[in-house]
Amino acid sequence: MAIKDFPFEAYCRSIVRFLDALDYQDDNLTHEQREADLQYVHNQAAAWFEQHSLQTALRNVNPKHIAACTRTITNLVVCYLPRVSREVLVDVTIYFSIINIVDDDVVIGGTDPAPRMTSFWPDLLQGKDQQHPYWTLMNAHLPQLLAHYGPYCGFNIIRCTIDYFQGCWIEQHDFAGYRGSDCYPMFLRKLNSLGGVVGASMFPASDFDEQVVFKEITCVLAQIDNPAGLVNDLFSYYKEYDQAEINLVANWCEVDGISKEQALDRLTELTTHSCTRLLELFKDKDPAVFATVRAFMHGYVTWHFCDLRYRQHEIFASATNSPDATKFREYLAKAARFGWVDMSKWAATQQSPAVFTQLSNGHEVHEVKVAS
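Residues in the sequence shown are numbered from 1438 upward in steps of one, following our numbering.
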């Protein structure tokens, strides 16, 4: 059901402004390649979570939730890493699936992690088992993931994994920042953006020599936090509009005393600038690095359009017929043609709304019925 009183026109205008500036055109994979990758990666990642050794850490997690997280993340990783091997895709998918479970507040369980973190550093330095389920899961997988990367990219993956946990820790306190604490919203967003992992994961050692493209990788890591975080925030604006939870938009409103609509304008400006700057920066650099960064940027947009959690099909159904709303629908239709594969073909679920199947097949859709 569409959100009451949502500013559909302003949102469509923001998305169109961003994608016009990006010149959105996802030509990363053929439909056949995408379907085959999704099926392989999903099957391998799902099997990882069924290991007997992980069941203690996962005992409080509903298996259906794990399955939903794995489906979501499989699609994300196949969209944003179209140039890496399937083995890399699988291990990055497992990593982000663990993150997704924690992000949905299942493993942490809504409690302060401090009691289970008192021995974190001594246990880490002495090679002992960790007390917190997040680290139990991560430690079971990180060596396998890091084996695909050189030491520099691996270092950034570890750094970012720690940053992310700190961000979740802060969010447990539902603290939006003090009024006037203008650095707080972006401080928390950078902790949670996972930019270090997103950036480093683009450069497996099988495809890139870190020593040869060290400067390029470093600059990607310097620039990637905002594209990784802000694109997600822009596409999350609708689904989070009427939710009382900590996020960048809510924190801006609290800290700076601005409205949600003003926060949307700021978010659109920052997202557009950071993403176009990322692409402009590498146009005349190493061609393989530029191709990798471009593939990430366009694939990342495709995933946000096609992932059902972002409810973009509700915007499609509820917006007016204004020029911006019409162009928004055109962009969603383009994303569906690029990136939608019916879930029944790769994830054994019938969750797919008919609108995506119709649009992915090139059919025009003039009216969309959205289930309540």
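For each residue, glycine too, the CB sits at the ideal point set by N, CA and C. It should be emphasised that the depicted structure is a prediction, and the values quoted were computed from it without experimental measurement.
1) By how many angstroms is the C-alpha of Gly1604 removed from the C-alpha of Arg1626?
2) How big is the Cα-Cα spacing for Arg1450 and Tyr1601?
3) Between the C-alpha atoms of Ala1756 and Val1635, what's the straight-line distance to the nearest angstrom?
4) Could you tell me whether the Cβ atoms of Ala1473 and Thr1507 are closer together than 8 Å?
5) What ranges does the beta strand (DSSP E) occupy inside the segment 1522-1590, keeping only unbroken runs of at least 3 residues that lie completely in it?
6) What is the DSSP secondary structure of Val1805, reduced to helix, strand or coil?
7) Let's see if you can read the secondary structure: which residues bound the alpha helix (DSSP H) around Leu1715?
8) Arg1596 to Gly1633, Cα distance in whole Å?
9) Helix, strand or coil: which one does DSSP assign to Gly1636?
10) Checking 8 Å against the spacing of the C-beta atoms, do Phe1533 and Leu1518 come in under that value?
11) Counting Cβ pairs, one atom from each stretch, are 3 or more of them under 8 Å apart for the segment 1708-1717 and the segment 1726-1736?
12) Taking only the alpha-carbon atoms, compute the straight-line gap between Thr1548 and Glu1677 and give it to the nearest angstrom.
13) Tell me whether Asn1497 sits in a helix, a strand or coil according to DSSP, three-state version.
14) Report the residue from Gly1617, Ile1535 and Phe1624 whose alpha carbon sits nearest the alpha carbon of Tyr1571.
15) Could you check what DSSP says for Val1649 in three-state terms: helix, strand or coil?
16) Between Cys1656, Asp1744 and Asn1537, which has its C-alpha nearest Lys1720's C-alpha?
17) Between Phe1645 and the rest of its own chain, which residues show a CB-CB distance below 6 Å, the 5 nearest in sequence each way excluded?
18) Where Ala1613 and Asp1679 are concerned, what is the direct C-alpha to C-alpha distance, given to the nearest angstrom?
This is what the structure holds:
1) Looking up residue 1626 in the sequence shown gives position 189. Looking up residue 1604 in the sequence shown gives position 167. Distance between the alpha carbons of Arg1626 and Gly1604: 8 Å.
2) Here residue 1450 corresponds to residue number 13 of the sequence shown, with the count starting at 1. Here residue 1601 corresponds to residue number 164 of the sequence shown, with the count starting at 1. Whole-angstrom Cα-Cα distance: 31 Å.
3) Position 319 of the sequence shown, counted from the first residue, corresponds to residue 1756. Position 198 of the sequence shown, counted from the first residue, corresponds to residue 1635. Answer to the nearest angstrom: the Cα atoms are 32 Å apart.
4) By 1-based counting over the sequence shown, the position of residue 1473 is 36. By 1-based counting over the sequence shown, the position of residue 1507 is 70. The answer is no: Cβ separation not under 8 Å.
5) none
6) Translated into positions along the sequence shown, residue 1805 becomes position 368. Caution is warranted here: a pLDDT of 44 is assigned to Val1805, below 50, making its placement in the model unreliable, and no coordinate value can be reported.
7) Sequence index remark: in the sequence shown, residue 1715 carries index 278 (1-based). Run containing Leu1715: Lys1697 to Phe1719, per the alpha helix (DSSP H) assignment.
8) Against the sequence shown, residue 1596 aligns to sequence position 159. Against the sequence shown, residue 1633 aligns to sequence position 196. The alpha-carbon atoms of Arg1596 and Gly1633 are separated by roughly 8 Å.
9) The sequence position of residue 1636 within the sequence shown is 199, counting from 1. Here Gly1636 sits in helix by DSSP.
10) In the sequence shown, the residue the question calls residue 1533 occupies position 96. In the sequence shown, the residue the question calls residue 1518 occupies position 81. The answer is no: Cβ separation not under 8 Å.
11) yes
12) For the purposes of this step, residue 1548 is taken as the residue at position 111 of the sequence shown. For the purposes of this step, residue 1677 is taken as the residue at position 240 of the sequence shown. Thr1548 and Glu1677: Cα-Cα distance of roughly 22 Å.
13) By one-based count along the sequence shown, residue 1497 stands at place 60. DSSP places Asn1497 in coil when its eight states are reduced to three.
14) Residue numbering aside, residue 1571 sits at position 134 when the sequence shown is read from its first letter. Of the candidates Gly1617, Ile1535 and Phe1624, the one whose C-alpha sits nearest the C-alpha of Tyr1571 is Ile1535.
15) Translated into positions along the sequence shown, residue 1649 becomes position 212. Coil.
16) On the sequence shown, position 283 is the one that residue 1720 refers to. Of Cys1656, Asp1744 and Asn1537, the residue nearest in Cα terms is Cys1656.
17) Taking the sequence shown and counting its residues from 1, the one referred to as residue 1645 is at position 208. Result list for Phe1645: empty, nothing under 6 Å.
18) Here residue 1613 is taken as the residue at index 176 of the sequence shown, counted from 1. Here residue 1679 is taken as the residue at index 242 of the sequence shown, counted from 1. Going by the C-alpha atoms only, they are around 16 Å apart.
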